[in-house]
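In terms of my numbering, the sequence shown opens at residue 8 and continues consecutively.
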Amino acid sequence: MEDDLRAVRMTAPGALEQVEVPTPTAGPGEVLLAVGAVGVCHSDLHILDAPPGLFPTPITLGHEIAGTVHTLGAGVTGWSTGDPVAVYGIIGCGTCRGCLHGRENECRTVPPGGIGLSRDGGLAEYVALPASRLLHVGNLELAQAAPLTDAGLTPYHAIELARPALRPGTSCVVIGIGGLGHMAVQILAATTAVRIIAVDSNVAALDLATRMGAHHVVQAGPETVEKIREIVGPAPDGADVVIDCVGVDPTLTTARSVVSTGGRLLLVGLGGGTLPVRPVADEPPTMPLETSVVIPFWGTRAELQEVIALGRVGLLNADVQIFPLDRAPEAYDLLRRGEIHGRAVIVP
Ligand code: FEH
Ligand code: ZN
Ligand code: ZN
8 MEDDLRAVRM TAPGALEQVE VPTPTAGPGE VLLAVGAVGV CHSDLHILDA
58 PPGLFPTPIT LGHEIAGTVH TLGAGVTGWS TGDPVAVYGI IGCGTCRGCL
108 HGRENECRTV PPGGIGLSRD GGLAEYVALP ASRLLHVGNL ELAQAAPLTD
158 AGLTPYHAIE LARPALRPGT SCVVIGIGGL GHMAVQILAA TTAVRIIAVD
208 SNVAALDLAT RMGAHHVVQA GPETVEKIRE IVGPAPDGAD VVIDCVGVDP
258 TLTTARSVVS TGGRLLLVGL GGGTLPVRPV ADEPPTMPLE TSVVIPFWGT
308 RAELQEVIAL GRVGLLNADV QIFPLDRAPE AYDLLRRGEI HGRAVIVP
């Protein structure tokens with residue numbers, strides 16, 4: 008094993024650069040993974056932009072990882088060199104109520120513990136991580152398997168939370184057909200019989216949504232709400248479920264303006280927008296009665312198993328844009344400028 012490897016690190020708050028670092032070794036209970044692919048996630052931009060001290064530096068970013076097992080640490084069983092795997096990125100504390108119930112995405116650790124969050128991630132040629140984070144991916148291409156671990160898992164978990172409302176013949180609006188939105192459309196098409204309405208300002212994204220199973224598309228603009236309401240009907244009826252994959256003020260306003268009485272708003276996008284909550288009062292309410300609002304976070308390991316199963320039977324395919332490791336900073340810049348469609352994936 009050569010001494011140093013290439014990694015893309017947050018070397019200081021806000022600073023992303025490619026560096027040479029010593030090849031990690033697999034500790035007890037860990038494996039050394041040869042990284043096959045790692046997705047470029049908007050949350051990495053939030054990590055880069057976070058207040059100093061919230062996330063450790065230097066840290067190798069990348070929390071959406073697939074690869075092959077290179078070496079096993081002491082005590083690791085059930086895995087073999089060469090196994091193709093996906094990585095469940097969360098590392099829960101194991102003792103809080105969320106973790107005890109298998110919902111490590113509800114872990115009370117702050118900031119969230121995880122690969123590429125609290126310890127080195129996958130933007131490198133190799134990464135050491137707990138064997139407990141691995142899941143088999145079979146013959147899935149690694150550039151397809153990596154996006155499943157976050158761009159797929161996060162909307163899948165959100166849809167699972169809303170599944171009781173996703174009855175045959177109901178309607179679900181997906182706002183923002185980017186890395187998570189295009190996966191959300193596929194998951195709805197593969198696992199429900201709801202009417203899928205995709206909303207985005209970009210025509211190419213709407214074309215992608217149609218190819219992925221959306222029944223209606225609405226180009227966002229001055230009349231977004233009116234166009235959606237032509238499909239879901241007038242207030243106080245409306246969309247049974249709205250998944251906002253963007254999370255900025257305009258999309259949150261659209262979401263709360265089209266959701267039905269008794270509907271569910273899933274705020275998946277971390278765009279920093281505000282959702283005003285004003286029940287019936289002197290002023291008109293900001294949302295209909297009986298609206299449920301959920302802020303999903305990532306997903307569980309059990310759900311990732313199901314997401315991988317969808318991928319392995321061809322029902323969940325990420326629209327990927329491949330970049331080599333040394334163009335990772337460029338990929339993040341393109342993502343920040345809104346110029347990545349589908350999911351950017353780094354292949355070291
Ligand atoms: C990852 C790390 C920190 C915050 C949010 C995220 C999401 O991308 C997980 O889906
Ligand atoms: Zn992410
Ligand atoms: Zn915990």
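We put the CB at the ideal spot given by N, CA and C, even for glycine.
Check, Outcome
"What are the partner residues of T67, as DSSP defines its beta bridges?", "R16"
"Are the Cβ atoms of T231 and R263 separated by less than 8 Å?", "no"
"Comparing the CB of D127 with every heavy atom of ligand 2, is any distance shorter than 7 Å?", "no"
"Once the 5 residues before and after G306 are set aside, which same chain residues still bring their CB inside 7 Å of it?", "N112, L160, T161, Y163 and H164"
"Only counting runs of 4 or more residues, tell me where the alpha helix (DSSP H) segments fall wholly within the segment 256-320, in order along the chain.", "256-265 and 308-319"
"Tell me where the alpha helix (DSSP H) around D251 begins and ends.", "Segment A246 to D251 is the beta strand (DSSP E) holding D251; no alpha helix (DSSP H) there."
"Do you know offhand how far R1's Cα is from A288's?", "This structure leaves residue 1 out entirely; the chain is present only between 8 and 355."
"Within the present structure, is the beta-carbon of H70 separated from the nearest heavy atom of ligand 2 by less than 7 Å?", "yes"
"Please return the same chain residues whose Cβ sits closer than 8 Å to the Cβ of I347, not counting the five positions on each side in sequence.", "V47, G185, G186, Q328, A338 and L341"
"Helix, strand or coil for R104? Go by DSSP, reduced to three states.", "helix"
"Can you find a CB in chain C that lies within less than 8 Å of the CB of R126?", "Included in the structure is just one protein chain, with no chain C present."
"In the DSSP assignment, what residue or residues form a beta bridge with V327?", "R350"
"Between which two residues does the alpha helix (DSSP H) containing I194 stretch?", "G188 to T198"
"Bridge partners of A202, per DSSP?", "Residue identity check: residue 202 is Arg in the sequence provided, not Ala. According to DSSP, R202 bridges with S178."
"For the alpha helix (DSSP H) that contains H77, what are its first and last residues?", "Segment I72 to L79 is the beta strand (DSSP E) holding H77; no alpha helix (DSSP H) there."
"Once you ignore the five residues that flank A172 on each side, which residues in its own chain have a CB closer than 6 Å to its CB?", "D247, V248 and R271"
"Skipping 5 residues on each side, what residues in its chain have a beta carbon closer than 8 Å to that of L23?", "V15, R16, M17, L55, L68, A335, P336 and Y339"
"Is A93 closer than 8 Å to V144 when the C-beta atoms are compared?", "yes"
"Output the residues surrounding ligand 1, defined as those with a CB atom closer than 5 Å to any ligand heavy atom, in chain order.", "C48, S50, D157, T161 and W305"
"Are the beta-carbon atoms belonging to E37 and G80 less than 8 Å from one another?", "yes"
"Would you kindly work out how many angstroms separate the C-alpha atoms of R170 and G245, rounded to a whole number?", "17 Å"
"Is the segment 138-153 touching the segment 83-97, taking contact as three or more C-beta pairs under 8 Å?", "yes"
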